[in-house]
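First up is the structure itself, then whatever we jot down about it.
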DNA sequence: CCTATTTCTTAACTTAAGTGAACGAATCAT
DNA sequence: ATGATTCGTTCACTTAAGTTAAGAAATAGG
């Protein structure tokens, strides 16, 4: 697991043994069971998550309905908006599978970053990349139909379609579960 | 104009006179006429934009149609994905009004950031904030209907509805111009 | 293993968005 | 000023998504 992390980080900065040890000594690795809730609506939190194994999802509860808006799988990171804005969380985060996560908190990050400018640099580059990616995803979403979005998802994250329940995928695609069922049937018919 | 910039920056870091002078000496301020194209599809660019006055928009040309996906107005910043990913741009950026912009390039930013760790810190915080905001916007988009999105826009960015052509707003809302017209008529009827 | 719950699909109906055509209004270029 | 293009609205029609209800399939818990 440590190697997976350091491989990931090496894409951004090269680390000395001292720096690696500093990270390990923080003791950030956590094993969590499927269904574990990491963050609840209304809660204040300083925790960020990096998925080493498994899948976590962010979802709102609106009028009693769960609305899933994001999945984070291997090598993906989530710092919930409530951590950045220091406000109570608008949404829930839970493990959709057994997970191994890196859980860090923002105070600790600030300390590490001021001690190792290299980490500060890595965090800046990483969040710039994530922002660029998020904007492209948003743009694609805006400019395509539900059907195109589903076909696009099959191409780009085929694993998600397999490992995640349909009704969670539906709201991720911005539609009702019924519509996703119908849409899938429609696609199957076209193929034949 | 310089004051507007330094007021903005002061929310993130406090600057010494030396640092302010370093920024001014970079000579980043640009006045641009309405209609000026800042970035074209296929073009490689290292430029980021910060809007001091006016409005710029990002749009794709898909099957001959312009699809506007974002507007940036006063105090908003755009670093196009092509700058981050070092790839040819997927979209266009143009001025929808006469603008005063700060135009910086990524090489220069890297140099400044390594010289002044304070700027590195500011950039990290800023992009984390923008990422959090972008995710919330995306979540809201996913979980609401075109009509709700339009009503939401009137609340959150009433200026946009005034200063930007309808057909550009439409694709920003993820719908066809015709649908926006109809939707507006529908809302007016409900009110009476 | 069996029941209870959740999840997924299908179908019928309603509502809204996509599409194409037509028209007036606004804008732009000459 | 005027003719041409672009822009916004309206209408009729098509297509797809929202909604409600019902039942089959899968899953979880005892």
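Protein chains in written order, with this note's numbering: chain A, -5 to 186; chain H, -5 to 186. Backbone N, C-alpha and C define an ideal beta-carbon position, used for all residues, glycine too.
Just verifying my parser: in three-state terms, what is the DSSP assignment at residue 12 (chain A)? Your numbering for residue 12 (chain A) matches position 18 in the first chain. Residue 12 (chain A) falls in the helix class under three-state DSSP.
By how many angstroms is the C-alpha of residue 27 (chain H) removed from the C-alpha of residue 66 (chain A)? For this step, residue 66 (chain A) is matched to residue 72 along the first chain. For this step, residue 27 (chain H) is matched to residue 33 along the second chain. Rounded to the nearest angstrom, the two C-alpha atoms are 42 Å apart.
Residue 40 (chain A) beta carbon less than 8 Å from that of residue 93 (chain A): Along the first chain, read from residue 1 onward, the residue named residue 93 (chain A) stands at position 99. Along the first chain, read from residue 1 onward, the residue named residue 40 (chain A) stands at position 46. Going by C-beta atoms, residue 93 (chain A) is not nearer than 8 Å to residue 40 (chain A).
Give the interface partners of residue 168 (chain H) over in chain A, defined as CB-CB distance under 7 Å, in chain order. In the second chain, residue 168 (chain H) corresponds to position 174, counting from 1. Correct list: 136.
Just verifying my parser: in three-state terms, what is the DSSP assignment at residue 136 (chain H)? Along the second chain, one-based indexing puts residue 136 (chain H) at 142. Residue 136 (chain H): helix per DSSP, three-state reduction.
For residue 49 (chain A), the three-state DSSP class (helix, strand or coil): Reading the first chain from its first residue, position 55 is the one you call residue 49 (chain A). It is coil, neither helix nor strand.
Limits of the unbroken alpha helix (DSSP H) element including residue 39 (chain A): The residue labelled residue 39 (chain A) in the question sits at position 45 within the first chain. Unbroken run through residue 39 (chain A): none, as it is neither H nor E.
Which class does residue 96 (chain A) belong to by DSSP, given the choice of helix, strand or coil? Numbered from its first residue, the first chain carries residue 96 (chain A) at position 102. Reduced to three states, the DSSP call for residue 96 (chain A) is strand.
Proximity test, Cβ basis, 8 Å: residue 50 (chain H) and chain A: Residue mapping note: residue 50 (chain H) aligns to position 56 of the second chain, counting from 1. Not one chain A Cβ lies under 8 Å of residue 50 (chain H).
Residue 43 (chain A) and residue 120 (chain A): beta carbons closer than 8 Å? Taking the first chain and counting its residues from 1, the one referred to as residue 43 (chain A) is at position 49. Taking the first chain and counting its residues from 1, the one referred to as residue 120 (chain A) is at position 126. Judged by beta-carbon spacing, residue 120 (chain A) lies beyond the 8 Å limit of residue 43 (chain A), meaning their Cβ atoms are not closer than that value.
Using a Cβ-Cβ cut-off of 7 Å (strictly less than) and excluding sequence neighbours within five positions of residue 23 (chain H), which residues of its own chain qualify? On the second chain, position 29 is the one that residue 23 (chain H) refers to. Taken in chain order, the residues that qualify are -5, 94 and 96.
What's the gap between the Cα of residue 29 (chain A) and the Cα of residue 89 (chain A)? Taking the first residue of the first chain as 1, we reach residue 29 (chain A) at position 35. Taking the first residue of the first chain as 1, we reach residue 89 (chain A) at position 95. Residue 29 (chain A) and residue 89 (chain A) have their C-alpha atoms some 5 Å from each other.
Chain H beta carbons: is any one of them nearer than 8 Å to that of residue 0 (chain A)? Along the first chain, one-based indexing puts residue 0 (chain A) at 6. No, residue 0 (chain A) does not count as interfacial toward chain H.
Give the list of continuous alpha helix (DSSP H) stretches no shorter than 4 residues that lie fully inside the region 47 to 91 of chain A. Counting only runs of 4+ residues, the alpha helix (DSSP H) found wholly inside the region 47 to 91 of chain A occupies 75 to 79, in chain order.
Closer than 7 Å at the beta carbon, the chain H residues around residue 151 (chain A): Numbered from 1 along the first chain, position 157 holds the residue referred to as residue 151 (chain A). Chain H residues near residue 151 (chain A): none, gap ~16 Å exceeds 7 Å.
Give me the Cβ distance between residue 0 (chain H) and residue 9 (chain H), rounded to the nearest whole Å; I'm assuming they're in contact under 8 Å. By one-based count along the second chain, residue 0 (chain H) stands at place 6. By one-based count along the second chain, residue 9 (chain H) stands at place 15. Contact flag correct, Cβ pair sits at about 7 Å.
Give a yes or no on whether 8 Å exceeds the smallest Cβ distance from residue 56 (chain A) to chain H. Taking the first chain and counting its residues from 1, the one referred to as residue 56 (chain A) is at position 62. Residue contact with chain H for residue 56 (chain A): present (Cβ-Cβ distance below 8 Å to some residue of chain H).
Do residue 85 (chain A) and residue 35 (chain A) have their CB atoms nearer than 8 Å? Working through the first chain from its first residue, we reach residue 85 (chain A) at position 91. Working through the first chain from its first residue, we reach residue 35 (chain A) at position 41. It is a contact, given that the beta carbons lie within the stated cut-off.
Determine whether the Cβ of residue 129 (chain A) lies closer than 8 Å to any Cβ atom of chain H. Against the first chain, residue 129 (chain A) aligns to sequence position 135. Answer yes: the Cβ-Cβ gap between residue 129 (chain A) and chain H drops below 8 Å somewhere.
Among all the DSSP beta bridges, which residues are the ones paired with residue 0 (chain A)? Walking along the first chain from the start, residue 0 (chain A) turns up at place 6. In the DSSP output, where bridge partners are listed per residue, residue 0 (chain A) has none listed.
Proximal chain A residues relative to residue 16 (chain H), where beta-carbon distance stays under 9 Å: Against the second chain, residue 16 (chain H) aligns to sequence position 22. The premise fails here: residue 16 (chain H) is roughly 18 Å from chain A at the closest Cβ pair, so nothing lies under 9 Å.
Note the first and the last residue of the continuous alpha helix (DSSP H) segment covering residue 163 (chain H). For this step, residue 163 (chain H) is matched to residue 169 along the second chain. That run of the alpha helix (DSSP H) goes 160 to 166.
Residues of the region 76 to 100 of chain A in Cβ contact with chain H at a cutoff of 9 Å, in chain order, please. Within the region 76 to 100 of chain A, the residues whose Cβ lies closer than 9 Å to some Cβ of chain H are 76, 77, 78, 79, 84 and 85, listed in chain order.
Measure the alpha-carbon distance for residue 101 (chain A) versus residue 75 (chain A) and round it to whole angstroms. Mapped onto the first chain, residue 101 (chain A) falls at position 107. Mapped onto the first chain, residue 75 (chain A) falls at position 81. When rounded, the separation of the alpha-carbon atoms in residue 101 (chain A) and residue 75 (chain A) is 15 Å.
Along the chain, where does the beta strand (DSSP E) that runs through residue 24 (chain H) open and close? Along the second chain, one-based indexing puts residue 24 (chain H) at 30. Per DSSP, residue 24 (chain H) belongs to the beta strand (DSSP E) from 23 to 26.
Does any CB atom of chain H fall closer than 8 Å to the CB of residue 25 (chain A)? Looking up residue 25 (chain A) in the first chain gives position 31. No - not a single Cβ of chain H is within 8 Å of the one on residue 25 (chain A).
With three or more beta-carbon pairs closer than 8 Å as the criterion, would you say the region 140 to 147 of chain A touches the region 176 to 186 of chain A? yes
Run down chain H in chain order and give the residues with a C-beta less than 7 Å from the C-beta of residue 123 (chain A). By one-based count along the first chain, residue 123 (chain A) stands at place 129. Simply 78.
Taking only beta-carbon positions, decide if residue 182 (chain A) is within less than 8 Å of chain H. The count along the first chain starts at 1 and reaches residue 182 (chain A) at position 188. Chain H, which has no Cβ nearer than 8 Å to the Cβ of residue 182 (chain A), makes this no.
Pull out every residue of the region 106 to 120 of chain H whose Cβ sits closer than 7 Å to any Cβ of chain A, in chain order. Listed in sequence order: 111, 114, 115, 117 and 118.
Keeping to the same chain, check which residues put their C-beta closer than 8 Å to that of residue 169 (chain H); ignore five residues upstream and five downstream. The sequence position of residue 169 (chain H) within the second chain is 175, counting from 1. Cβ within range, chain order: 140 and 177.
So with CB distances below 9 Å, who are the chain A contacts of residue 73 (chain H)? Here residue 73 (chain H) is taken as the residue at index 79 of the second chain, counted from 1. Neighbours of residue 73 (chain H) on chain A, chain order: 122, 125 and 126.
Tell me which residues of the region 28 to 45 of chain H have at least one Cβ-Cβ distance to chain A shorter than 9 Å, keeping chain order. none
Nearest to residue 56 (chain H) by alpha carbon, out of A:72, A:136, A:172 and A:77? As a working mapping, residue 56 (chain H) is identified with position 62 in the second chain. Nearest C-alpha to residue 56 (chain H): A:136.
Using a Cβ-Cβ distance under 8 Å, would residue 67 (chain A) count as near chain H? As a first step, residue 67 (chain A) is located in the first chain; it is residue number 73 there, counting from the start. Among the CB atoms of chain H, none fall inside 8 Å of the CB of residue 67 (chain A).
Opening and closing residue of the alpha helix (DSSP H) in which residue 32 (chain H) lies: Numbered from 1 along the second chain, position 38 holds the residue referred to as residue 32 (chain H). Premise fails: residue 32 (chain H) lies in the beta strand (DSSP E), 31 to 33, not in any alpha helix (DSSP H).
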